[in-house]
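Here the sequence shown stands for residues 1 to 412, numbered as in UniProt numbering.
Just so it is clear, CB atoms sit at the ideal spot from N, CA and C, and this is done for glycine as well.
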Amino acid sequence: MTIGHFPTRWKTATVVPILKPGKDPTDTSSYRPISLLPSISKIAEHLILTRLNNHLNENNTLIPEQFGFRPKLSTTHQLIRVVEFITEGFSNNQKTGAVFLDIQKAFDRVWQDALIHKLINYKIPAYIIKTVDSYLQGRNFAVRVKNEFSHTKEIKAGVAQGSKIGPVLFSLFINDIPKQFNTMISMFADDTAILARNKNPNYIQIALNRHLKKLEDWFIKWKIEINVSKTEAIIFSKNISHTKYPQVKMHNNYIPWSQEVKYLGVYLDYKLTWKAHFLYVKKKFRDVTRKFYPLISRNAKLTRENKMLILSSYLRPILSYACPVWGHAAKTNLKLIEVQHNIVFRNICKAYFFMSNTELRKAVGYPSFMEFIKKLSIKFFNSLTEHENEAVKSIPIYTPNPKVKRPRNILL
């Protein structure tokens with residue numbers, strides 16, 4: 001590393017295309033490229049990443065709003081930050097406007113010369129910059145389908161997909177993204193959203209459009225492409241939703257207001273009832289459960305202990321993902337996913353129809369789904385009080401009020 005050289009043989013990636021669920025197999029854009037790098041390359045990257053992260057942490061280089069691939073930060077942290085911002089607005093009779101940006105092939109199109117320029121500006125040690133520059137130059141890949149390989153092609157832009165160092169290099173590339181005093185920016189790697197709140201939708205539109213214009217200019221300067229057709233906007237409001245709010249635009253294209261958006265794996269509807277998310281999770285849970293059915297059915301030969309391990313390790317996390325964010329939802333909506341969990345649980349226990357869920361859980365020493373997500377949420381909210389990240393510190397801490405639906409209500 002001291003000589004700033006990354007061996008050429010370690011730079012060749014094998015790309016395996018994976019068809020996205022429900023997509024047309026004849027369309028090349030329907031495939032997600034999975035990049036496989038040599039093991040020795042991963043070891044070398046780990047050394048570079050350790051040195052780079054040490055420097056970034058010591059100098060507090062990364063902006064606090066960027067939660068992607070950082071220690072002690074997760075998608076749930078960013079989601080709770082967004083949802084608390086919205087619900088705090090609700091408690092003050094404010095609406096919140098949000099725009100969720102879609103950056104086209106973010107990791108694949110990073111302008112490499114500009115990245116090196118930014119590393120220099122961030123005063124990254126010279127030997128790390130030289131090594132990163134060598135790491136980025138002369139990379140190539142070959143596509144593998146079954147046992148057949150394509151011709152090798154050179155990679156002229158981007159940070160290496162599937163690499164250990166790629167995410168932090170991307171975070172540094174977009175680290176100087178413009179911020180604005182009357183909006184909040186939320187980032188997890190390339191998943192970026194801006195939010196503004198006010199009682200008057202016109203002021204929300206003005207704030208969002210001003211920020212979007214700054215972002216437009218910045219994206220053009222650094223050759224970052226935004227897919228406006230996939231960029232979404234939404235007004236969060238306790239009132240009946242309508243589409244007559246003043247519109248926001250980017251690159252001279254108006255962004256229509258949506259009734260719900262998906263951000264970091266969670267569906268956010270305009271009233272934050274969470275019903276859309278629960279319906280999505282319910283379907284996902286049932287689809288995955290079908291795949292495990294030969295192992296967890298009543299007649300499967302696995303022991304009950306092993307079946308319960310599949311439930312708790314693979315299936316339940318599908319339902320409980322980001323539970324501190326939505327655990328305060330109405331019981332009628334929470335039932336949508338709790339029932340799915342109980343069906344699988346009863347099936348594993350070979351329960352008769354007259355046996356209650358409470359008796360079954362007591363017999364096998366297994367918590368109810370609601371007890372489980374409450375325990376996770378308590379642990380999560382307790383961890384926020386001593387967090388070092390400034391953006392996490394700004395998340396409101398309040399005494400839950402049963403009359404006001406906010407995330408901490410799950411603690412009641």
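Margin query: Quick test of your reading: T96 and L172, contact by CB under 8 Å. State the CB separation rounded to the nearest angstrom.
Written below: For T96 against L172, the beta-carbon gap comes to about 30 Å, at or over 8 Å, which does not count as contact.
Next item on the list: Within 10 angstroms of the Cβ of P367, are there 16 or more other Cβ atoms? Answer buried if so, exposed if not.
Entry: Classification of P367: exposed, given that the 10 Å Cβ count is below 16.
Note to self: Taking only three categories from DSSP, how would you classify I3?
What the structure shows: Reduced to three states, the DSSP call for I3 is coil.
Check: Tell me which same chain residues have a C-beta within less than 8 Å of the C-beta of F372, skipping the five on either side of it?
Finding: If the five residues before and after F372 are omitted, its C-beta is found closer than 8 Å to the C-beta atoms of R316, S320, all from its own chain and listed in chain order.
Check: Taking the alpha helix (DSSP H) that D133 falls in, what are its first and last residues?
Finding: For D133, the enclosing alpha helix (DSSP H) covers residues 126-136.
Margin query: Starting from V143, trace the beta strand (DSSP E) in both directions and tell me its first and last residue.
Written below: Looking at the DSSP string, the run of the beta strand (DSSP E) that includes V143 is 139-145.
Margin query: What residue range does the alpha helix (DSSP H) around D269 cover?
Written below: The continuous stretches of alpha helix (DSSP H) do not include D269, which lies in the beta strand (DSSP E) extending over residues 266-269.
Next item on the list: Go to M184, then tell me how far its beta strand (DSSP E) extends in each direction, as first and last residue.
Entry: First-last of the beta strand (DSSP E) with M184: 184-188.
Checklist line | Outcome for residue 416 when other beta-carbon atoms lying within 10 angstroms are tallied against a minimum of 16 | finding: The structure shown does not extend to residue 416, since the chain is modelled only from 1 through 412, so no value can be given for it.
Note to self: Can you give me the C-alpha to C-alpha distance between C349 and K331, rounded to a whole angstrom?
What the structure shows: CA-CA distance, C349 to K331, rounds to 25 Å.
Next item on the list: Just the C-alpha distance for V83 and V325, rounded to the nearest angstrom, thanks.
Entry: V83 and V325: Cα-Cα distance of roughly 7 Å.
Check: From the DSSP output, which residues share a beta bridge with W257?
Finding: Under DSSP, the beta-bridge partners assigned to W257 are A233.
Checklist line | Nearest candidate by alpha-carbon position, reference T75, set F380, W222, D269 | finding: The residue with the shortest Cα to Cα distance from T75 is F380.
Note to self: Contact defined as beta carbons within less than 8 Å: I believe K153 pairs with F141. What is the distance between those atoms, to the nearest angstrom?
What the structure shows: Right, their Cβ atoms sit about 6 Å apart.
Check: Which residues share a DSSP beta bridge with D191?
Finding: Under the DSSP definition of a beta bridge, D191 partners with F188.
Note to self: Distance check for I185 and H46, CA to CA, integer angstroms please.
What the structure shows: As the crow flies, the alpha-carbon of H46 is around 30 Å from that of I185.
Notebook entry, point to check: To which residues of the same chain is K20 closer than 6 Å at the C-beta, ignoring the five residues directly before and after it?
Noted result: If we look at K20 and ignore the five residues flanking it on each side, its Cβ neighbours are S30, R32.
Item checked: Rounded Cβ spacing between E225 and Q104 (contact assumed at less than 8 Å) -> Confirmed, Cβ separation roughly 4 Å.
Next item on the list: Taking N147 as the reference, give the member of V16, R408, W10, T385 with the closest Cα.
Entry: It is V16.
Notebook entry, point to check: How many Å lie between L115 and A98 at the Cα?
Noted result: Cα to Cα, L115 sits roughly 29 Å from A98.
Next item on the list: Classify K403 as buried or exposed, calling it buried when 16 or more other Cβ atoms lie within 10 Å of its own Cβ.
Entry: Label assigned to K403: exposed.
Next item on the list: May I ask you to list the residues that DSSP assigns as paired with V16?
Entry: Answer by DSSP bridge pairing, in chain order: I34.
Notebook entry, point to check: Alpha carbon to alpha carbon, what distance is there between N182 and A207?
Noted result: Each residue's alpha carbon lies about 7 Å from the other.
Notebook entry, point to check: Hey, would you say W257 sits closer than 7 Å to I235, going by beta carbons?
Noted result: Yes; because the gap between Cβ atoms is below 7 Å, this pair is in contact.
Next item on the list: Along the beta strand (DSSP E) that carries V99, what are the first and last residues, could you check?
Entry: Run containing V99: 95-101, per the beta strand (DSSP E) assignment.
Check: K283 lies in the beta strand (DSSP E); which residues open and close that run?
Finding: According to the DSSP assignment, K283 belongs to no beta strand (DSSP E) but to the alpha helix (DSSP H) extending over 275-296.
Check: The alpha helix (DSSP H) with E84 in it runs from where to where?
Finding: Taken as a continuous stretch (DSSP letters only), the alpha helix (DSSP H) holding E84 covers 75-91.
Notebook entry, point to check: Going by alpha carbons, who is nearest to residue 422 out of Q137, N54, L336, N53?
Noted result: Look at the range of the chain in this structure, 1 to 412, and you will see that residue 422 is not part of it.
Next item on the list: Go through its chain and collect everything with a Cβ distance to I337's Cβ below 8 Å, but skip five positions before and after it.
Entry: Sequence-distant partners of I337 (beyond 5 residues in either direction) whose C-beta falls short of 8 Å from its own C-beta, in its chain, are F278, V281, K282, F285, L319, F369.
Item checked: Which of helix, strand or coil DSSP assigns to N409 -> N409: helix per DSSP, three-state reduction.
Check: Once you ignore the five residues that flank I40 on each side, which residues in its own chain have a CB closer than 8 Å to its CB?
Finding: Its chain contains W10 as the residues whose beta carbon lies nearer than 8 Å to that of I40, once the 5 sequence neighbours on both sides are disregarded; these appear in chain order.
Item checked: Per-residue DSSP class, three states only, for M250 -> In the structure shown, M250 sits in a strand (DSSP, three-state: E or B).
Margin query: Give me the residue from N389, V339, H5 with the minimum Cα distance to I134.
Written below: The sequence given here places Ser at residue 134; Ile does not occur at that position. When only C-alpha atoms are compared, the closest one is H5.
Notebook entry, point to check: By how many angstroms is the C-alpha of I86 removed from the C-alpha of H387?
Noted result: Here the C-alpha atom of H387 lies approximately 21 Å from the C-alpha atom of I86.
Check: In chain order, what residues of the same chain lie with their CB nearer than 6 Å to the CB of A329, ignoring the 5 residues before and after it?
Finding: These residues qualify, in order along the chain: W274.
Notebook entry, point to check: What is the residue span of the alpha helix (DSSP H) that V214 lies within?
Noted result: Going by the sequence as given, residue 214 is Lys instead of Val. DSSP places K214 in the uninterrupted alpha helix (DSSP H) bounded by 201-221.
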